[in-house]
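End of the sequence shown = 1006 in our numbering, gap-free, step of one.
To keep things clear, I will list the structure first and then write my remarks on it.
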Amino acid sequence: MANAVFQSSSSTKLSESSIIFGSQLRSSEIEQTHLRYDHVNLELEEDFLAKSLGHWFLEILETDIVNTYNEIHNSQGCLEILHVILKHCLLCCTTVSNRCRRHPTVRLKALRESPGSTQEIIDEEVADHFKELRHRFLGFKKDKYMKNLEHYQRLSEVQEPKFMVIACADSRVCPSSILGFQPGEAFVVRNVANLVPRHENGPSETNAALEFAVNSLEVENILVIGHSCCGGIRALMSLQDEVISSSFITSWVVVGKPARLKTKAVASNLNLDQQCRHCEKESINRSLMNLLTYPWIEDRVMKGKLLIHGGYYDFIDCTFEKWTLDYKRGRSISGTDGHSIKNQEFWT
């Protein structure tokens, strides 16, 4: 006896014809042109499934069924699959000696992941991720929090960071990892391409964070960190001027359009990768200049209470370049479209 059970995600209309071979599979009228067979489960229970079949029989049977299943997957219905499987079973049976004795049930599966099993796999993977996060958290609690309990208790009452950091949202660029900021040392905001919009552009989460950091926390330094291989900058450099897009990414990266135009003007002879690298640094300087369009930032800079810095992290060779904006109101200096830089350092 051979039973074949099929589970399909396609919808079918069952006819009144008799059940085939005692299974729940009936001749059917397929309502969809594209069928997706999620699970094929062949169950063989006969004398020919004896020990003497060995691995050779099972490998041939599995290979034939799977190959044939793949061939007819997109074009045939359930009956064809059933007939092909039975045909291969009968062909294999003729090669087996009559001396084969009865053997326990063997299940052979040609499996395509069903939505249910796929979800189970995803759930297990997510659970594993959170197990790892739990392990890291408990390690942090044991090795850092408990060993510096007084410090963390003070942080629960007030934060007094010396730095505000504006960095890219790129997962490879974490300011705390790169520069070793500890809890309480830096007020960090991250966005695509580490851009700072001008004051007149209106409210955004970035300038809301700026207002809080400068006016409430009274940070002493603002550091804008760009980086190599920035996807946001590549999106900026790939913009088509005449194309209107509804993309959220496009709507955001146009903040850096002046950096793009400057790059196109001075580096038009370079390839796209080289232009992107140039623009990655140019956009940092543009963001530094945009910071000065906020009256309360410019005021604190002029009073010497706030410094504005740029930083560029190259994670290809792990280097960091740092500079400070040298701002004097009303002074126009070539090189940064209005202001010069000072205290430039290159860390290798």
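The beta carbon of each residue, even a glycine, is placed where N, CA and C say it ideally should be.
Just so we're clear, the structure is a prediction, and the values are computed from it rather than from any experiment.
Helix, strand or coil for E1003, going by three-state DSSP, please let me know. For this step, residue 1003 is matched to residue 345 along the sequence shown. Three-state result, E1003: strand.
Out of curiosity, what's the CA-to-CA distance linking F839 and P833? In the sequence shown, counting from the first residue as 1, residue 839 sits at position 181. In the sequence shown, counting from the first residue as 1, residue 833 sits at position 175. Going by C-alpha positions, F839 is about 7 Å away from P833.
Contacts around G680, its chain only, beta-carbon distance under 6 Å, and the 5 residues preceding and following it disregarded: Counting from one through the sequence shown, the residue named residue 680 turns up at place 22. With a pLDDT of only 39 at G680, under 50, the local geometry of the prediction cannot be trusted, and the value read off the model is given with reservation. Taken in chain order, the list of residues that qualify is empty.
Taking the beta carbon of V877 as the centre, do at least 16 other beta carbons fall within 10 Å, making it buried, or is it exposed? By one-based count along the sequence shown, residue 877 stands at place 219. Classified as buried, V877 has 16 or more neighbouring CB atoms from the shown chains inside 10 Å of its CB.
Three or more beta-carbon pairs under 8 Å between the segment 856 to 870 and the segment 884 to 893, yes or no? Verdict: no, contact absent.
With burial defined as no fewer than 16 other Cβ atoms inside 10 Å of the residue's Cβ, what is the status of D910: buried or exposed? Counting from 1 along the sequence shown, the entry for residue 910 is found at position 252. In the sequence on display, residue 910 carries Trp and not Asp. W910 should be labelled buried.
In whole angstroms, give me the CA-to-CA distance for L1039 and N879. This structure gives no information on residue 1039, because the portion of the chain shown stretches from 659 to 1006.
Over what stretch of residues does the alpha helix (DSSP H) that includes R812 continue unbroken? Working through the sequence shown from its first residue, we reach residue 812 at position 154. If you look at R812, you'll find it in the alpha helix (DSSP H) that goes L807 to L813.
Do H967 and T977 have their C-beta atoms within less than 7 Å of each other? Here the question's residue 967 lines up with position 309 in the sequence shown. Here the question's residue 977 lines up with position 319 in the sequence shown. For the 7 Å CB-CB criterion, H967 and T977 do not form a contact.
Check whether the Cβ atoms of I883 and G962 lie closer than 7 Å to each other. Your numbering for residue 883 matches position 225 in the sequence shown. Your numbering for residue 962 matches position 304 in the sequence shown. In this structure, G962 does not lie closer than 7 Å to I883 by Cβ.
Decide if L949 is buried, meaning its Cβ has at least 16 other Cβ atoms within 10 Å, or exposed. Within the sequence shown, numbered from 1, the residue matching residue 949 stands at position 291. With 16 or more other Cβ atoms inside 10 Å of its own Cβ, L949 counts as buried.
Assuming the contact rule is C-beta atoms closer than 8 Å, H885 and F973 should be a hit. Round their C-beta distance to whole Å, please. Here residue 885 refers to the residue found at position 227 of the sequence shown. Here residue 973 refers to the residue found at position 315 of the sequence shown. Taking the Cβ atoms as the reference, H885 lies roughly 6 Å from F973, within the contact range of under 8 Å.
A825 in three-state terms, based on DSSP: Here residue 825 refers to the residue found at position 167 of the sequence shown. Three-state DSSP puts A825 in a strand.
When the Cα atoms are used, what is the spatial distance from H787 to F798? Position 129 of the sequence shown, counted from the start, is the residue given in the question as residue 787. Position 140 of the sequence shown, counted from the start, is the residue given in the question as residue 798. Going by C-alpha positions, H787 is about 17 Å away from F798.
Given S998 as reference, the closest of T1006, D984, F1004 and W1005 once Cα atoms are compared: Here residue 998 refers to the residue found at position 340 of the sequence shown. Ranking T1006, D984, F1004 and W1005 by Cα distance to S998 puts D984 first.
Are A827 and N849 close, meaning C-beta to C-beta below 7 Å? Numbered from its first residue, the sequence shown carries residue 827 at position 169. Numbered from its first residue, the sequence shown carries residue 849 at position 191. Closer than 7 Å, so yes.
DSSP state of F870, grouped into three classes? Start at 1 with the first residue of the sequence shown, and residue 870 comes out as number 212. It is helical.
Cβ neighbours of H936 in the same chain (closer than 6 Å, five flanking residues each side left out): Within the sequence shown, numbered from 1, the residue matching residue 936 stands at position 278. Close CB contacts of H936 within its chain, under the 6 Å cut and outside five residues either way in sequence, are with T921 and A925 (chain order).
Just checking my contact of W954 with N873 at CB under 8 Å: how many whole Å lie between their CB atoms? Looking up residue 954 in the sequence shown gives position 296. Looking up residue 873 in the sequence shown gives position 215. Between W954 and N873, the beta carbon gap of about 6 Å places them in contact (Cβ cut-off 8 Å).
Sub-7 Å separation of L875 and G842 beta-carbons: In the sequence shown, the residue the question calls residue 875 occupies position 217. In the sequence shown, the residue the question calls residue 842 occupies position 184. Not closer than 7 Å, so no.
Let's see if you can read the secondary structure: which residues bound the beta strand (DSSP E) around E979? If you number the sequence shown from 1, residue 979 lands on position 321. From DSSP, the beta strand (DSSP E) with E979 extends over T977 to D984.
Distance between S941 and T908 (C-alpha atoms, nearest Å): Start at 1 with the first residue of the sequence shown, and residue 908 comes out as number 250. Start at 1 with the first residue of the sequence shown, and residue 941 comes out as number 283. Going by the C-alpha atoms only, they are around 15 Å apart.
Taking the straight line between their C-alpha atoms, what separation do you get for K802 and N1001? The count along the sequence shown starts at 1 and reaches residue 802 at position 144. The count along the sequence shown starts at 1 and reaches residue 1001 at position 343. Approximately 33 Å between the Cα atoms of the pair.
Please report how far the alpha carbon of E778 lies from the alpha carbon of F795, in whole angstroms. Within the sequence shown, the letter at position 120 stands for residue 778. Within the sequence shown, the letter at position 137 stands for residue 795. So the two alpha carbons sit approximately 25 Å from each other.
Can you tell me the Cα-Cα spacing of Q932 and V784, whole angstroms? Indexing the sequence shown from 1 puts residue 932 at position 274. Indexing the sequence shown from 1 puts residue 784 at position 126. A direct Cα-to-Cα measurement between Q932 and V784 gives close to 38 Å.
Tell whether a beta-carbon distance below 7 Å holds between I836 and Y971. As a first step, residue 836 is located in the sequence shown; it is residue number 178 there, counting from the start. As a first step, residue 971 is located in the sequence shown; it is residue number 313 there, counting from the start. In contact: I836 and Y971 (Cβ atoms closer than 7 Å).
Boundaries of the beta strand (DSSP E) in which R848 is found, first to last residue: Taking the sequence shown and counting its residues from 1, the one referred to as residue 848 is at position 190. Element bounds for R848: A844 to N849.
Does the separation of the CB atoms of R944 and A923 fall below 7 Å? For the purposes of this step, residue 944 is identified with residue 286 of the sequence shown, where counting begins at 1. For the purposes of this step, residue 923 is identified with residue 265 of the sequence shown, where counting begins at 1. Contact annotation: R944 and A923 have beta-carbon atoms that are not nearer than 7 Å.
Where does E938 land, buried or exposed, given buried means 16+ other C-beta within 10 angstroms? Translated into positions along the sequence shown, residue 938 becomes position 280. The residue in question, E938, is buried, as its Cβ has 16 or more Cβ neighbours within 10 Å.
Unbroken stretches of the beta strand (DSSP E), 3 residues or longer, contained in the segment 883 to 916: Assignment of beta strand (DSSP E) within the segment 883 to 916, counting only whole runs of 3 or more residues, yields no such run.
Tell me, please, whether the CB atom of L897 is closer than 7 Å to any CB atom in chain C? In the displayed structure, chain C is absent; only one protein chain is listed.
In angstroms, rounded to a whole number, what distance separates the CA positions of K980 and E1003? Taking the sequence shown and counting its residues from 1, one reaches residue 980 at position 322. Taking the sequence shown and counting its residues from 1, one reaches residue 1003 at position 345. Cα atoms of K980 and E1003: separation of roughly 5 Å, rounded to the nearest angstrom.
Residues in the same chain with beta-carbon distance under 7 Å from Q682, minus the five sequence neighbours each way, listed in chain order, please. Counting from 1 along the sequence shown, the entry for residue 682 is found at position 24. The pLDDT assigned to Q682 is 42, lower than 50, so where the model puts this residue is not dependable; a value taken from the coordinates is nonetheless given after this. Within the same chain, no Cβ atom closer than 7 Å to the Cβ of Q682 is found once the five residues on either side in sequence are excluded.
Residues of its chain near H713, where Cβ-Cβ distance is below 8 Å and the 5 sequence neighbours each way are ignored: As a working note, residue 713 is residue 55 in the sequence shown. The predicted position of H713 is uncertain, since its pLDDT is 49 and thus under 50; a value taken from the coordinates is nonetheless stated next. Hits under 8 Å: none found.
Using C-beta distances below 7 Å, list every residue in its chain close to L946, excluding the 5 sequence neighbours before and after it, in chain order. For the purposes of this step, residue 946 is taken as residue 288 along the sequence shown, with counting starting at 1. The beta carbon of L946 sits closer than 7 Å to those of V882, I966, G968 and L983, all from its chain and outside the five residues before and after it, given in chain order.
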